[in-house]
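Q: Below is one structure. I have some questions about it.
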Amino acid sequence: MTMKTRCDRTVAWGRLQAHYDAGGRDFDLRQAFAADPQRFGAFSQSAPHLFADLSKNLIDAKTEELLLALAQEAGLEAHRDAMFAGAHINATEDRAVLHTLLRSPASAPAPEQLAGALADVHATLAAMLAYAEAVRADHTITDVVNIGIGGSDLGPQMAVRALDQFVAPGKRFHFVSNVDGHELARVLRDLAPEHTLFLVASKTFTTAETMANAQSAKRWFEQSGSVDIARHFAALTTNVEAARAFGIETTFGFWDWVGGRYSLWSAIGLPIALAIGADGFRRLLAGAHAMDEHFRTAPLAQNLPVRLGLLDVWYRNFHRFASRSIAPYHSALQRLPAYLQQLEMESNGKRVDAGGQALPFGTSPVLWGEPGTNGQHAYFQMLHQGTDVIPLEFIAVRDAAHELEGHHPKLLANALAQAQALMVGQRDEGGHRNFPGNRPSSFFVFDQLAPEALGAFLALYEHRVFTSGALWGINSFDQWGVELGKVLARDIEPRLASGDTQGLDASTAGLLARLR
Ligand code: F6P
Numbered sequence: 023m024t025m026k027t028r029c030d031r032t033v034a035w036g037r038l039q040a041h042y043d044a045g046g047r048d049f050d051l052r053q054a055f056a057a058d059p060q061r062f063g064a065f066s067q068s069a070p071h072l073f074a075d076l077s078k079n080l081i082d083a084k085t086e087e088l089l090l091a092l093a094q095e096a097g098l099e100a101h102r103d104a105m106f107a108g109a110h111i112n113a114t115e116d117r118a119v120l121h122t123l124l125r126s127p128a129s130a131p132a133p134e135q136l137a138g139a140l141a142d143v144h145a146t147l148a149a150m151l152a153y154a155e156a157v158r159a160d161h162t163i164t165d166v167v168n169i170g171i172g173g174s175d176l177g178p179q180m181a182v183r184a185l186d187q188f189v190a191p192g193k194r195f196h197f198v199s200n201v202d203g204h205e206l207a208r209v210l211r212d213l214a215p216e217h218t219l220f221l222v223a224s225k226t227f228t229t230a231e232t233m234a235n236a237q238s239a240k241r242w243f244e245q246s247g248s249v250d251i252a253r254h255f256a257a258l259t260t261n262v263e264a265a266r267a268f269g270i271e272t273t274f275g276f277w278d279w280v281g282g283r284y285s286l287w288s289a290i291g292l293p294i295a296l297a298i299g300a301d302g303f304r305r306l307l308a309g310a311h312a313m314d315e316h317f318r319t320a321p322l323a324q325n326l327p328v329r330l331g332l333l334d335v336w337y338r339n340f341h342r343f344a345s346r347s348i349a350p351y352h353s354a355l356q357r358l359p360a361y362l363q364q365l366e367m368e369s370n371g372k373r374v375d376a377g378g379q380a381l382p383f384g385t386s387p388v389l390w391g392e393p394g395t396n397g398q399h400a401y402f403q404m405l406h407q408g409t410d411v412i413p414l415e416f417i418a419v420r421d422a423a424h425e426l427e428g429h430h431p432k433l434l435a436n437a438l439a440q441a442q443a444l445m446v447g448q449r450d451e452g453g454h455r456n457f458p459g460n461r462p463s464s465f466f467v468f469d470q471l472a473p474e475a476l477g478a479f480l481a482l483y484e485h486r487v488f489t490s491g492a493l494w495g496i497n498s499f500d501q502w503g504v505e506l507g508k509v510l511a512r513d514i515e516p517r518l519a520s521g522d523t524q525g526l527d528a529s530t531a532g533l534l535a536r537l538r
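Going from the sequence shown to this note's numbering is simple: count from 1 and add 22.
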């Protein structure tokens, strides 16, 4: 394990608190822009495949300097290097954290101890992409159904939707995650077994929802008289044995050092490869790899994931903002907020440090959002005039992938105008029309919503979450918080049939009786 110092035990932490108390709390963006004509340049930067403007955030040069000192003192770089080297930084599960290896080119210089793993990654990738191309060429398969939940659903679903303009016509993609049978039943209603490929995506191959959906899909397939499971079912899992026991012969594996929410780069990404092809998938990986290299090698002061992760700490622990909103100004990024929710909240939603000690400060904020301009007509009221300050994250794409006249400039104008309105506000003595302004936002720009740009952006977020998690001293790579509910559901399920409420609290017992 690498030595890292929890952020609140550093000298820089105290200096940041002093800086906050001495004026950081009352920082005014309008004054900052008026005072410094170079502010945009100083707080914006290019990174692989994207541009980020952080200048509308409540920071000045001094804040960044202190935050960078915090990162150094806390040992962020050593921790980052340990991850890339394959150290078991996921200590509670005694695992390495190597999703970056999944996008490392075969020829990239890998640490000696990872050479074997990198060779395995490329052998599996080649097999999976060859399979994807074969299925793409098979016009009898018209529908692909991904059965998986959490990381085995959100990443592929988000990416297939996001890269819609690159999806070859002729195949429809469906994503079934919920154990609620309404979801699977609705998808099955329109399918013909002989034209359908089911992908059972589960790292563990034990997740209750996925197993229930996979069983029902298999039953539906067999009840139609179809027998060729090998052709119509494939499994994406680290537990190839369980998939075989389930009756699936076509399997693509990955490894325990890939966390579920970090797994779209692995075999879990097969729906993406089916949708955009082997070249497209390799472009996605290349974009992520470029961001990995940026994170690994750029000096901290110009390291975009580091700057963002530090900003997150500043907002969460000093300003005490408890929430952050994502506003992708592109309808194809519809599932991005849900994806980022899992990435950040499952990774950093922890209340103890890596040693199990309770933390005296806040960790993961609540992440949420909707594509713009829809959000503007729903909850933006609160963002402009509500009592809480909620930093916003705009994502805009310069080039549209459609020819409809006038739409794209309107969309972009709205993104710019919202960020501007949040910052500048509007004075009105009457009260109701008063906008306080000084509400912070970050603004990301892609030239096109291409596979490389998406890959780079997702890797940027992964490393940003790594940065804040490392400073907080937590293990960002386990998720024990999801286990208790799973255990209790297993106890309650038979009680719904039997009506036995013995040992249950009165509320659960009363509700159970209602639901029977
Ligand atoms: O319950 C949470 C979780 O373990 C996530 O971390 C994971 O992405 C999801 O369930 C699905 O797990 P699996 O891929 O093993 O089915």
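In this text, a Cβ means the ideal position worked out from N, Cα and C, and glycines have one as well. None of the values given here were measured: they were computed from a predicted structure.
What's the gap between the Cα of Thr88 and the Cα of Ala265?
A: The amino acid at residue 88 is misidentified as Thr; the sequence shows Leu. Near 51 Å, if we compare the C-alpha coordinates of Ala265 and Leu88.
Q: Quick check on the burial criterion: 16 or more other C-beta atoms within 10 angstroms. Buried or exposed for Met23?
A: Bear in mind that a pLDDT of 45 at Met23, under 50, signals an unreliable position, so the number given afterwards is only what the model happens to contain. Its Cβ having fewer than 16 others within 10 Å, Met23 is exposed.
Q: Which partner residues of Asp75 appear in the DSSP bridge assignment?
A: In DSSP, Asp75 forms a bridge with Ser66, Phe465.
Q: Going by the C-beta, is Thr85 closer than 6 Å to any heavy atom of ligand 1?
A: Thr85 Cβ: outside cutoff for every heavy atom of ligand 1.
Q: Would you mind working out which of Phe62, Ser174, Leu482, Gly299 sits nearest Arg283, comparing C-alpha positions?
A: Comparing Cα-Cα distances from Arg283 to each of Phe62, Ser174, Leu482, Gly299, the minimum goes to Ser174.
Q: So, at 8 Å on beta carbons, what are the nonlocal neighbours of Pro178 in its own chain, with the 5 sequence-adjacent residues on each side left out?
A: For Pro178, where only same-chain residues beyond five positions count, the Cβ hits under 8 Å are Asn168, Gly170, Phe197, Ala223, Leu286, Ile290, Gly291, Leu292, Pro293, Ile294.
Q: Can you give the Cα-Cα distance for Ser246 and Gly491, rounded to whole angstroms?
A: Computed Cα separation, rounded: 49 Å.
Q: At a cut-off of 6 Å, would you count Gly1 as near ligand 1, judging by its Cβ distance to the nearest heavy atom?
A: The structure shown does not extend to residue 1, since the chain is modelled only from 23 through 538, so no value can be given for it.
Q: Pairs of beta-carbons, one from the stretch 388 to 396 and one from the stretch 351 to 370, closer than 8 Å: are there three or more?
A: In short, these stretches touch, since the Cβ pair count reaches three.
Q: Just curious, the alpha helix (DSSP H) that Phe55 is in, first and last residue?
A: 51 to 57 is the span of the alpha helix (DSSP H), which, as asked, contains Phe55.
Q: Return yes when the C-beta of Leu147 is under 6 Å from any heavy atom of ligand 3, and no when it is not.
A: Within the structure as shown, ligand 3 is missing, the only ligands being ligand 1.
Q: Rounded to whole angstroms, what is the Cα-Cα separation between Leu518 and Asp527?
A: The alpha-carbon atoms of Leu518 and Asp527 are separated by roughly 15 Å.
Q: Could you tell me the alpha carbon to alpha carbon distance between Thr511 and Glu505, rounded to whole angstroms?
A: Correcting the residue identity first, residue 511 is Ala in this sequence and not Thr. Cα-Cα distance, rounded: 10 Å.
Q: Let's test the definition: count the other Cβ atoms within 10 Å of the Cβ of Ser520 and tell me whether it reaches 16, buried, or not, exposed.
A: By the neighbour-count rule (16 or more Cβ atoms within 10 Å), Ser520 is not buried but exposed.
Q: Please confirm whether Ala478 and Leu124 have their CB atoms less than 7 Å apart.
A: Not in contact: Ala478 and Leu124 (Cβ atoms no closer than 7 Å).
Q: Quick check on the burial criterion: 16 or more other C-beta atoms within 10 angstroms. Buried or exposed for Thr114?
A: Exposed: under 16 other Cβ atoms inside 10 Å.
Q: Since I believe Leu258 is in contact with Leu221 (beta carbons under 8 Å), could you give me their beta-carbon distance rounded to a whole number of angstroms?
A: Indeed, because the Cβ distance is near 6 Å, the residues count as touching under 8 Å.
Q: Just tell me which of Ser463, Trp279, Ile298, Ala354 has its CA closest to the CA of Arg117.
A: The option with the nearest alpha carbon to Arg117 is Trp279.
Q: Would Gln237 be called buried (16 or more neighbouring beta carbons within 10 Å of its own) or exposed?
A: Exposed, by the Cβ-count rule.
Q: With 16 other CB atoms within 10 Å as the buried threshold, where does Trp35 fall?
A: Flag for Trp35 reads buried.
Q: How about Asp469 and Arg538: do their beta carbons lie closer than 7 Å?
A: No, Cβ-Cβ distance for Asp469 and Arg538 is not below 7 Å.
Q: Is Lys26 buried or exposed, if buried means 16 or more other CB atoms sit within 10 Å of its CB?
A: Buried.
Q: Count the CB pairs spanning the stretch 405 to 415 and the stretch 453 to 465 that are closer than 8 Å, and state whether there are at least three.
A: Result yes; three or more Cβ-Cβ pairs closer than 8 Å.
Q: Find the nearest neighbour of Leu493 within the set Ala207, Leu476, Gly384, judged by alpha-carbon distance.
A: Checking every option, the nearest Cα to that of Leu493 belongs to Gly384.
Q: Between the alpha carbons of Ala100 and Ala423, how many angstroms are there, rounded?
A: Distance between the alpha carbons of Ala100 and Ala423: 42 Å.
Q: If we require 3 or more residues per run, which beta strand (DSSP E) segments fall completely within the stretch 367 to 397?
A: Runs of the beta strand (DSSP E) inside the stretch 367 to 397: 388 to 391.
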